[in-house]
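J.: For reference, the structure I am asking about is given below.
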Amino acid sequence: MNNTIAIEWTRKALKQAAALPGNVRQQIYNGVQNLRLWPATPNVKALQNRNDYRLRVGRYRVLFTVHPDGSVTIIRIEEVKKRDEHTY
75 MNNTIAIEWT RKALKQAAAL PGNVRQQIYN GVQNLRLWPA TPNVKALQNR NDYRLRVGRY
135 RVLFTVHPDG SVTIIRIEEV KKRDEHTY
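So, in structure tokens, the structure goes:
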């Protein structure tokens with residue numbers, strides 16, 4: 075039986091994504107849609123000493139958590155940040 079993937083955005087992440095230039099915002103949304111291939115999503119790494127993951131989209135990082143719940147896996151988008159020394 076295949077597991078269903080549900081993607082949820084926090085208010086903070088939606089606000090951060092909305093503030094990005096249109097072309098970058100579209101790349102972020104396309105990258106997040108690729109998370110539906112979980113766990114075979116490219117450009118994803120588990121963060122060390124944390125319980126979350128990051129998706130790399132160009133110079134931006136999408137931080138998210140994964141919550142398996144029976145036949146549904148919920149991927150919650152927590153933050154969208156430009157990559158710099160303060161991202162993690």
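This note's numbering applies: residue 75 is where the sequence shown begins, and numbers increase by one.
Here a beta-carbon is modelled for each residue, glycine too, at the ideal position from N, C-alpha and C.
1) DSSP on Arg85, reduced to helix/strand/coil?
2) Check the DSSP bridge columns for Val135 and list the partner residues they point to.
3) Run through DSSP, which three-state label would Ala92 get?
4) Can you give me the C-alpha to C-alpha distance between Pro142 and Glu82, rounded to a whole angstrom?
5) Tell me Ala120's beta-bridge partners as DSSP assigns them.
6) For Val145 and Gly96, I'd like the C-alpha separation in whole angstroms.
7) Am I right that Gly156 and Arg133 are in contact with their C-beta atoms under 8 Å? What's the rounded C-beta distance?
8) Does the Cβ of Ala87 have 16 or more other Cβ atoms within 10 Å, making it buried, or fewer, making it exposed?
T.: The answer reads as follows:
1) Correct three-state label for Arg85: helix.
2) The sequence shown places Arg at residue 135, not Val. The partner list for Arg135 (beta bridge, DSSP) reads Arg130 and Lys155.
3) helix
4) The C-alpha of Pro142 lies about 13 Å from the C-alpha of Glu82.
5) Tyr127
6) Reading off the sequence, residue 145 comes out as Ser, not Val. Those two C-alpha atoms are separated by around 34 Å.
7) According to the sequence provided, residue 156 is Lys. The question's Gly does not apply to it. So it is a contact: roughly 6 Å between Cβ atoms.
8) Counting Cβ neighbours within 10 Å, Ala87 comes out buried, since at least 16 surround it.
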